[in-house]
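Since the structure comes first, as structure tokens, the remarks are kept for the end.
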Amino acid sequence: MRELEGALRSYAWGSRTAIAELRGLSTPSNHPEAELWLGAHPGDPARVITESGSESLLEVLHREPERELGP
């Protein structure tokens, strides 16, 4: 199992508090947050947290698909 950091998508119809609260943040965001992407969409993939920082989930899946997704 891997820890992911979702990609935030800001749109005018979003909320300054809903996703921030979901993420455990006590302060409202500076911009309306409408979506939290937790996938490998090429437009804005989630980040896999590593010991040395983070890397794109899309890159991780391309590099080691069987290890990450199974045979």
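When we follow this note's numbering, the leftmost residue of the sequence shown carries the number 1273, and every step to the right adds one. Glycine included, each C-beta is placed from N, C-alpha and C at the ideal position. Just so you know, these numbers come straight off a predicted model, no measurement behind them.
Reduced DSSP secondary structure (H/G/I, E/B, other) of residue i
i	result
ARG1274	coil
GLU1331	helix
ARG1288	coil
LEU1341	helix
LEU1280	strand
When the options are compared against residue i, the one with the closest alpha-carbon
i	options	result
ALA1292	HIS1303, TRP1285 and LEU1329	HIS1303
GLY1286	THR1299, SER1298, GLU1307 and MET1273	GLU1307
Cβ pair residue i, residue j closer than 8 Å
i	j	result
ALA1284	TRP1309	no
GLU1277	ARG1319	yes
Beta-carbon proximity list for residue i, same chain, < 8 Å, skipping 5 on both sides
i	result
PRO1314	LEU1330
Delimiting residues of the beta strand (DSSP E) encompassing residue i
i	result
GLU1252	One cannot answer for residue 1252 here, as it falls past the ends of the chain, which runs 1273 to 1343.
Same chain, Cβ closer than 6 Å to residue i, five either side skipped, listed in chain order
i	result
GLY1342	none
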